[in-house]
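Q: Quick note on this note's numbering: the sequence shown kicks off at 487 and runs consecutively.
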Amino acid sequence: MKPLILGVGNILLSDEGIGVRAVQHLEKNANFTPHFDLVDGGTCGMELLDVMANRDYLIIIDAVIAGKRPGEIVVLKDEQVPALFSRKISPHQLGICDVLSALKLTDEYPKHLCLIGIQPESLESHIGLTKTVENAMPAVFQCLAQQLTDLGLPSPVIN
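Shown next, in the form of structure tokens:
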């Protein structure tokens, strides 16, 4: 099974959609798609259970309230991830926490879990990222490439 890169978020709430936008960008990269399963998880919760189950590698990209500057990136791994999602910033995040809990109960939890979180500037109703978070997208991809390298996975160039 290929490693999964899951982008979650609500594209109707400005920067909340960063994870979805990142995965949409990755889907257009022909060098990237053969090596990974890319999923736009939107605001789905338990519907993602089968997609996330039994993965060796799961990387989630999402907006997170972490007390950082807008556009700043936070990387969390393994058990740090469910702890963050338990303090939800949007409706979908409780769903992700529930999915991770269910995967633990069914012994289908990913062996390696990584969250690349981006501090939003705005969660207002608006389609499109703020300029600050949009400008952080190259850093998000650079961070993703580093995480893939750290995990010993292929790290194609992301344009």
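Don't be surprised by glycine CBs; every beta carbon is placed ideally from N, CA and C.
Are the beta-carbon atoms belonging to F518 and P606 less than 7 Å from one another?
A: No, they are not a contact pair.
Q: Buried or exposed for T529, going by 16 or more other Cβ atoms inside 10 Å?
A: The residue is buried, with at least 16 neighbouring Cβ atoms inside 10 Å.
Q: Excluding the 5 residues flanking F627 on each side, which residues of the same chain have their C-beta closer than 6 Å to its C-beta?
A: The residues are I644.
Q: Just the C-alpha distance for R541 and G493, rounded to the nearest angstrom, thanks.
A: 16 Å
Q: Can you tell me which of I602, I604, G603, D584 puts its alpha carbon nearest to the alpha carbon of Y595?
A: D584
Q: Can you give, in chain order, each stretch of the beta strand (DSSP E) that sits fully within the region 496–583 and has at least 3 residues?
A: 523–528, 543–549, 559–563
Q: Touch check for the region 616–624 and the region 519–528: three-plus C-beta pairs under 8 Å?
A: no
Q: Could you tell me whether the Cβ atoms of V509 and I497 are closer together than 7 Å?
A: no
Q: Would DSSP call V643 helix, strand or coil?
A: coil
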